[in-house]
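Contents: one structure, followed by commentary.
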Amino acid sequence: MADVSYYTKEGLEKLKEELQRLKTTGRSDISKQIAEARDKGDLSENAEYDAAKEAQGLHEAKISQMSETLANARLLDESKLDVTKVLALSIVKIKNLKNGATMSYQLVSESEADMKTGKISVASPIAKGLLGKKVGETIEITVPAGKIEFEILEVSR
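Residue numbers (this note's numbering): 108 to 264.
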């Protein structure tokens, strides 16, 4: 049984669009590659044909995996989430107590994570340490560089 993943509306739409693209244009592109390789002659010694068939297998595996992910995807209703503690989709402002730096992150599913936009996966060490905590709490989180103490300054949606 696969794990249930929670998505924002935007993240779920991206997942659906990507799956649709893979099923349509992705499949037709690979079919063209196979046809071109087949036209080049003897299939028993045609490395281009073998590569195209392998690419087709990998492509179908990706479609299968994405279909399973989509089947186990759940849309989070942000209006029903508790804003007093850190949950998935929370936007959390934290302060590193060692160096005084403040940062803001939104906790999202693994496939939506993007550090450039401040979105971190709920499976990351920092997010795991923040989940369930409230404003004003001080927590110690173990990250690859060691243990860091943070204070939760703000939780919002």
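Yeah, the Cβ is synthetic: ideal placement off N, Cα and C, and Gly gets one too.
Would you mind sorting residue i into buried or exposed? The rule is 16 or more other CB atoms within 10 Å of its CB.
{"i": "Glu117", "result": "exposed"}
{"i": "Val190", "result": "exposed"}
{"i": "Lys123", "result": "exposed"}
{"i": "Val250", "result": "exposed"}
{"i": "Val193", "result": "buried"}
{"i": "Ser138", "result": "exposed"}
{"i": "Leu119", "result": "buried"}
{"i": "Val111", "result": "exposed"}
{"i": "Ser228", "result": "buried"}
{"i": "Glu219", "result": "buried"}
{"i": "Leu107", "result": "For residue 107 there is no data in the structure shown, the boundaries of the chain being 108 and 264."}
Does DSSP classify residue i as helix, strand or coil?
{"i": "Ser231", "result": "coil"}
{"i": "Ser263", "result": "strand"}
{"i": "Asp157", "result": "helix"}
{"i": "Ser211", "result": "strand"}
{"i": "Leu183", "result": "coil"}
{"i": "Gly164", "result": "helix"}
{"i": "Asp221", "result": "strand"}
{"i": "Gly118", "result": "helix"}
{"i": "Gly253", "result": "strand"}
{"i": "Lys226", "result": "strand"}
{"i": "Lys240", "result": "coil"}
Below 8 Å on the Cβ atoms is my guess for residue i versus residue j; work out the distance and round it to an integer in Å.
{"i": "Ile248", "j": "Ile259", "result": "Not confirmed; about 11 Å, so no contact."}
{"i": "Glu261", "j": "Lys200", "result": "4 Å"}
{"i": "Lys240", "j": "Ile246", "result": "6 Å"}
{"i": "Leu183", "j": "Thr115", "result": "7 Å"}
Which residues in the same chain have their Cβ closer than 7 Å to the Cβ of residue i, if we skip the five residues on either side of it in sequence?
{"i": "Gly225", "result": "Ser211, Tyr212, Gln213"}
Cutting at 6 Å between CB atoms, please list the residues of its own chain near residue i, excluding the five before and the five after it.
{"i": "Gln140", "result": "Ala159"}
{"i": "Thr209", "result": "Lys202"}
{"i": "Val215", "result": "Lys226"}
{"i": "Glu332", "result": "One cannot answer for residue 332 here, as it falls past the ends of the chain, which runs 108 to 264."}
Along the chain, where does the beta strand (DSSP E) containing residue i start, and where does it finish?
{"i": "Ser112", "result": "112 to 114"}
{"i": "Lys202", "result": "198 to 203"}
State yes or no: is the beta carbon of residue i nearer than 8 Å to at least one beta carbon in chain C?
{"i": "Thr191", "result": "Absent from the structure: chain C. Only one protein chain is present."}
May I ask which residues mark the beginning and end of the alpha helix (DSSP H) holding residue i?
{"i": "Glu247", "result": "No alpha helix (DSSP H) holds Glu247; the beta strand (DSSP E) holding it covers 245 to 250."}
{"i": "Lys139", "result": "134 to 145"}
Counting only the same chain and skipping the five closest in sequence on each side, list residues whose C-beta sits under 8 Å from that of residue i.
{"i": "Leu126", "result": "Ile170, Met173, Ser174, Leu177"}
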